[in-house]
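One structure is given here, and the rest of the page talks about it.
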Amino acid sequence: MLTADQRRDLHDALAHRIHSLQNGYLADSPAAKGQLAAVRRGGRDVESWGLVAEVVPPGLQGRDDEPNPVETAVSLALQFYALHQQGRTAPMHASGVDLGRGLRSLVATQLVSEAGVHRRLGAVLTATDLTEAAHHLRGLVTQLRADQIPIDHARLGVDLVLLQDPRTAPGVRLRWVRSLRTPDSTTSPHTDQADASAENQEG
1 MLTADQRRDL HDALAHRIHS LQNGYLADSP AAKGQLAAVR RGGRDVESWG
51 LVAEVVPPGL QGRDDEPNPV ETAVSLALQF YALHQQGRTA PMHASGVDLG
101 RGLRSLVATQ LVSEAGVHRR LGAVLTATDL TEAAHHLRGL VTQLRADQIP
151 IDHARLGVDL VLLQDPRTAP GVRLRWVRSL RTPDSTTSPH TDQADASAEN
201 QEG
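The UniProt record's numbering numbers the first residue of the sequence shown as 1 and each following residue consecutively.
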């Protein structure tokens with residue numbers, strides 16, 4: 001289980017990298033565009049995994065020939081950002097906007113079926129593994145991209161780590177549903193309480 005400090009360090013490192021990619025992409029940087037294209041290929045080349053290695057703090061990096069849960073989550077978060085930003089001239093990464101809040105904004109456009117969004121999120125929440133969850137998340141990110149609604153991809157990356165741990169996964173699911181259902185006026189930008197509560201119950 002990640003400690004609070006590890007979560008913060010991972011979030012900050014991932015946010016820094018995504019902001020850098022976003023700024024470069026929006027400035028029409030060939031290097032940033034090339035990196036995002038590599039990331040969209042799904043971690044099938046050296047450059048993509050090089051970005052993952054730059055983001056993941058040394059103490060959280062894997063030690064064998066397969067990516068560990070943190071590296072897998074970071075790779076997915078970068079892929080989702082790259083997909084979300086593709087072809088868009090506005091920033092698709094926005095600090096503090098978790099997945100549930102982004103989906104609430106999507107539903108509010110009335111351009112998509114509310115039932116469809118809820119159904120797809122439900123598929124994420126009930127997925128039996130990260131591969132299945134990522135498949136349904138990709139569909140949600142595609143919908144967010146179509147309506148140019150940004151989310152916090154660094155927070156999503158940390159959430160994907162927590163989603164792989166049965167001790168912290170319930171807190172992530174609860175937070176996403178709360179954010180989807182709760183108006184902005186009563187939604188706190190600091191949404192780690194559910195995770196902390198889940199940890200305390202385990203303790």
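Here a beta-carbon is modelled for each residue, glycine too, at the ideal position from N, C-alpha and C. Bear in mind the structure is a predicted one, so any value in this text is a computation, not a measurement.
query, result
"Considering only residues of the same chain and omitting the five flanking positions on each side of D148, which have a CB-CB separation below 8 angstroms?", "One point to set straight first is that residue 148 is Gln, not Asp, in the sequence displayed. Answer for Q148: R88, A90 and M92, listed in chain order."
"With respect to the alpha helix (DSSP H) encompassing E132, which residues constitute its N-terminal and C-terminal limits?", "L130 to A146"
"Have a look at G24 and Q85 and give me their C-alpha separation to the nearest angstrom.", "12 angstroms"
"Just to confirm my understanding: we take Q6, look at its own chain, exclude 5 residues before and 5 after, and list those with CB closer than 8 angstroms. What are they?", "P57, G59 and L60"
"Once the 5 residues before and after V141 are set aside, which same chain residues still bring their CB inside 6 angstroms of it?", "F80, L83 and H84"
"Tell me whether R8 is buried or exposed, calling it buried when 16 or more other Cβ atoms sit within 10 Å of its Cβ.", "exposed"
"Whose C-beta lies closer than 6 angstroms to the C-beta of V70 among residues of the same chain, with five residues either side of it excluded?", "V56, L60 and V161"
"Could you check the C-alpha separation between R120 and L99 for me, to the nearest Å?", "12 angstroms"
"According to DSSP, A149 sits in a beta bridge with which residue or residues?", "The sequence shown places Ile at residue 149, rather than the Ala named in the question. According to DSSP, which records beta bridges pairwise, I149 is partnered with nothing at all."
"In chain order, what residues of the same chain have a beta carbon less than 7 angstroms from the beta carbon of A127, not counting five sequence neighbours either side?", "A133 and H136"
"Whose C-beta lies closer than 6 angstroms to the C-beta of L130 among residues of the same chain, with five residues either side of it excluded?", "Q164"
"Distance, Cα to Cα, G116 vs V107?", "9 angstroms"
"Between V52 and the rest of its own chain, which residues show a CB-CB distance below 8 angstroms, the 5 nearest in sequence each way excluded?", "G43, P67, E71, V74, S75 and L78"
"Could you tell me whether the Cβ atoms of L36 and L26 are closer together than 8 angstroms?", "no"
"Using only the alpha-carbon positions, how far apart do R40 and G34 sit?", "10 angstroms"
"Tell me whether the beta-carbon of I18 lies closer than 8 angstroms to the beta-carbon of A94.", "no"
"For L111, count neighbouring Cβ atoms within 10 angstroms of its own Cβ and tell me buried if that reaches 16, exposed if not.", "exposed"
"Rank L174, R181, P183 and V158 by C-alpha distance to the C-alpha of T3 and give the top, closest one.", "V158"
"Based on the DSSP secondary-structure assignment, which residues constitute the bridge partners of H93?", "I151"
"What is the DSSP secondary structure of Q22, reduced to helix, strand or coil?", "helix"
"With P170 as the anchor, note down where its alpha helix (DSSP H) starts and where it stops.", "A169 to R181"
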